[in-house]
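The structure appears right after this line, and notes come after that.
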Amino acid sequence: MTLHALVSERLLTPKGEQPGAVLVEGERIRAVVSRDEIPQDTDTRDFGNAAILPGLVDSHTHLNEPGRAEWEGFVSGTRAAAAGGYTMLVDMPLNSVPATTRVAALEAKREAARHKCRVDWAAWGGVVSDNQQDIEPLARAGVRGFKCFLIHPGTDDFTMVNERELRRALPHVARTGLPLLVHAELPAAVDRATSRLVGANWNLYDTYLRSRPEEAELSAIRLLIVLCREYRFHLHIVHLSASDGVALVRSARAEGLPVTVETCPHYLHLAAENIRNGATLAKCAPPVRSLENREKLWQGLAEGSIQLLATDHSPSPPEMKKIEEGDFRQAWGGIAGLSMALPVVWTEASRRGFTLSDVIRWMAVAPARLAGCDSRKGRIVPGHDADLVVFDPEAEFVVTKERLHQRHALSPYLGEKLRGVIKATYLRGQPVFIDGAFPGEPRGKEFRQQDAELNS
Ligand SMILES: [Zn+2]
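See the structure below:
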């Protein structure tokens, strides 16, 4: 088999950043060597000062297919991913129809994904009010873990769970050994806050912010930690926005509980003080909070209390964002972040003295571990898939619609100048994105544990 070498002055391996070459044989990394160790007759591409990173892994993507491909789908979502340096997505179980809460729905998703994906993918299964008996079958059928909501998720075809329903599900979840990802906001605090907003002006960002107070997140996290102590399952809190949640997670971890937490690029970049009234493109749930809160989230990343970053890529058609009306109550809560996540994070991280190794830990290594695909994804090491990203960390660019490759080119980042350009993305040895183009046919596959075991 032909050997290929990708060479850079800034190769990001688990040892840190160093000059070197990745030797690729077929779909896998054969070795990481120095420039003078490249065997003769190797097909070599030298990327100079552009860094080579492992393909990013997004453990929180809403692809919405089958059933809502007009919001986003495998074709456009995985194109946005490839353009953003992602080579692996884990799809959330809701917003597709059917929701991934039964094995038949997982099979329908597999069918819908066929021949459409530019990057590899896998699925989370849903835990809803009435599918406790489906949890273990879903695990056997190949989901990487489960997701549930403690509050209404914005669509009616995925039911939230209350504590009683969650308690019925948790023994099943614990038996699978897979993580349970939880949207941690409790309705009581939101209902209380909203009842005080009668007659408020919903074009003001502040009204929306006050309707989803930190206490909704904090009360949910406290409850989840109690349940984690009792049922001993891997609890993963998704999209933490309230920075006081960091301390709760830190003490649970110190106690030895299997708790992890993610936050999202938008919480690390946007801030309530800078969101214009009516700017519903910035609406997400939980909401983007204050500048001070944002800095505390960065602190949580710095100390390792927040382990990973995920996009919560959650697109909708333009009419659902109520852009004209500027109505924060009616607008869909979701930000499509796949194409811009790395530049957004790098712009903020580099400004605060973090390195590319830090970014890789948050956006590749840790999410691959959460999704149980770290035997093949997330690091540049021999035997792993040759999923690689060529990234120019010094270049700057302005976000335009042409750079957004999701189904609808909507983004709160449009017009902003960001740092770090994704030049190319390689999936299992072949380029899937180069300088704005998507070469070849879609080759993305579902990540299956069996494949990893067979091939390693
Ligand atoms: Zn989400």
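Just so it is clear: in the sequence shown, position 386 is 386 by our numbering, and no numbers are missing. Just so you know, even glycine gets a beta-carbon here, dropped at the ideal spot from N, CA and C.
Member of the options whose CA lies at the smallest distance from the CA of residue i
i	options	result
residue 370	132, 70, 145 and 51	145
residue 72	385, 318 and 342	318
residue 96	110, 83, 88 and 86	110
residue 358	334, 300, 402 and 339	300
residue 242	265, 253 and 213	213
residue 355	409, 407, 420 and 191	420
residue 134	113, 8, 14 and 100	100
residue 3	20, 31 and 12	31
residue 197	203, 186 and 210	210
residue 343	418, 336 and 29	418
residue 29	381, 89 and 166	381
residue 410	269, 232 and 283	283
residue 12	274, 388 and 293	388
residue 392	331, 7 and 50	50
Sheet register partners of residue i (DSSP bridge)
i	result
residue 320	In DSSP, residue 320 forms no bridge with anything.
residue 8	20
residue 403	Answer is none; residue 403 lacks a bridge partner.
residue 13	16
residue 434	424 and 437
residue 51	10 and 391
residue 183	149
residue 126	147
residue 120	88
residue 398	417
CB-CB length for residue i against residue j, believed under 8 Å
i	j	result
residue 445	residue 91	In fact, because the Cβ distance is near 13 Å, the residues do not count as touching under 8 Å.
residue 308	residue 77	Not quite, the Cβ-Cβ distance comes to about 20 Å (not below 8 Å), so this is no contact.
residue 85	residue 425	6 Å
residue 203	residue 277	5 Å
residue 227	residue 181	So it is not a contact: roughly 14 Å between Cβ atoms.
residue 310	residue 373	Between residue 373 and residue 310 the Cβ distance is about 14 Å, and since that is not below 8 Å, they are no contact.
residue 297	residue 412	The pair is not a contact, with the Cβ atoms about 17 Å apart (cut-off 8 Å).
Cut-off 8 Å between Cβ atoms - residues of its own chain near residue i, not counting five sequence neighbours on either side
i	result
residue 1	25 and 26
residue 289	209, 214, 241, 242, 243, 267, 271 and 272
residue 364	53, 54, 55, 56, 57, 377, 378 and 379
residue 347	269, 418, 419 and 420
residue 103	134, 137, 138 and 141
Cβ shell of residue i (< 7 Å), same chain only, five flanking positions each side left out
i	result
residue 179	145, 234, 236 and 370
residue 139	176 and 178
residue 184	150, 217, 220, 221, 224 and 237
residue 448	142
residue 506	This structure leaves residue 506 out entirely; the chain is present only between 1 and 456.
residue 316	71, 332 and 334
Cβ neighbours of residue i in the same chain (closer than 6 Å, five flanking residues each side left out)
i	result
residue 153	94
residue 5	21, 23, 38, 42 and 44
residue 125	93, 100, 138, 143 and 146
residue 248	221
residue 314	62 and 334
residue 159	128 and 129
residue 19	9
residue 186	150, 216, 219 and 220
residue 398	417
residue 455	Annotation note: pLDDT 44 at residue 455 (below 50); position unreliable, coordinate value reported separately. Nothing meets the Cβ criterion.
residue 439	431
Legend entry - ligand 1 site residues, beta-carbon cut 6 Å against heavy atoms: 60, 62, 92, 312 and 314
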